[in-house]
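Asks: Attaching a single structure in structure tokens format; questions to follow.
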Amino acid sequence: MLRVYFFKTFLSFAFSGSSANSFTVRTQTSFHGRGGVVVGVKRIIQHPKFDYSTIDYDFSILELAAPVEFNEKLQPIRLPEQDEDVEDGTPLLVTGWGNTQNVQESREQLRAAIVPKSNDEVCYNAYKQFGGITARMICAGLPEGGKDACQGDSGGPLASDGVLVGVVSWGYGCAVRGYPGVYSRVASVRDWINASTNI
């Protein structure tokens, strides 16, 4: 399930080799497979520097086949300025329909968690054995673990006070102590978003 962030386009993780007509976007519902309004995807713009081996520049812009109308159930999210920073410890909201690692919880209903922004150096050191993180990545998670994005949440939003600061990208396991979630840092590619969409 993909998320709409702009009037006729949205930002998500990189869809390497994917065809636009194989995707649809369901809006105005918190359920994964029912309700709301379904819109096709017209075009996928993958970041030209996306690197599959390092997961760097993990961004795609998906242009919808038709505009969506905003209402009380569907609102746009603001974008950060180019290179705008998020302070360590800032509470961030991540949402998705991914694995909850709890068989008692349905993946049909949208889930949410509040996770603090992690220090970049601490996150780099945690992931050093995997090549570390880059300037296009931001990390968030509780030091003790317990809350995180997980498989199936990729491409979902990481927000701070109505601003899209990150997109779910990768990590070591889910909610593992000492391994915060790694998100694509939207502020690092704001100029590319502008150039690609005129937003």
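Residue numbers for the sequence shown, in mature numbering (1 follows the signal peptide of the UniProt record, and there is no 0): -20 to -1, 1 to 179.
We put the beta carbon where it would ideally sit given N, CA and C, even for glycine.
1. Looking at the structure shown, is Asn174 part of a helix, part of a strand, or coil, going by DSSP?
2. Only counting the same chain, and skipping five residues up and downstream in sequence, which positions put a Cβ closer than 8 Å to that of Arg58?
3. Along the chain, where does the beta strand (DSSP E) containing Val148 start, and where does it finish?
4. Secondary structure at Ala129, three-state DSSP: helix, strand or coil?
5. Can you tell me whether Asn99 is helix, strand or coil according to DSSP?
6. From Lys(-13) to Glu43, what distance separates their C-alpha atoms?
7. Tell me which residues share the same chain as Arg170 and place their Cβ nearer than 8 Å to its Cβ, disregarding the 5 neighbours each side in the sequence.
8. Starting from Tyr119, trace the beta strand (DSSP E) in both directions and tell me its first and last residue.
9. Assuming Cys103 contacts Ile94 under a Cβ cut-off of 8 Å, what Cβ separation, rounded to an integer in Å, is found between them?
10. In the DSSP output, what is Asp36 paired with across the bridge?
11. Note down, in chain order, each residue of its chain lying with its Cβ closer than 7 Å to the Cβ of Val66, except the 5 sequence neighbours on either side.
12. Bridge partners of Ile113, per DSSP?
13. Ends of the beta strand (DSSP E) at Ala139?
14. Assuming Val162 and Trp150 form a contact by the criterion Cβ under 8 Å, report the distance between their Cβ atoms to the nearest whole angstrom.
15. Please give the ranges of any beta strand (DSSP E) in the stretch 47 to 109, keeping only runs that are unbroken, at least 3 residues long and fully inside the region.
Replies: Walking through what the data contain:
1. helix
2. Gly142, Val143, Leu144
3. 143 to 150
4. DSSP places Ala129 in coil when its eight states are reduced to three.
5. coil
6. With a pLDDT of only 48 at Lys(-13), under 50, the local geometry of the prediction cannot be trusted, and the value read off the model is given with reservation. Whole-angstrom Cα-Cα distance: 6 Å.
7. Leu59, Pro60, Glu61, Gln62, Asp63, Glu64
8. Reading off the sequence, residue 119 comes out as Cys, not Tyr. That run of the beta strand (DSSP E) goes 117 to 120.
9. Between Ile94 and Cys103 the Cβ distance is about 18 Å, and since that is not below 8 Å, they are no contact.
10. Asp31
11. Lys97, Ile118, Ser140, Val145
12. Answer is none; Ile113 lacks a bridge partner.
13. 137 to 140
14. 5 Å
15. 71 to 76, 91 to 96
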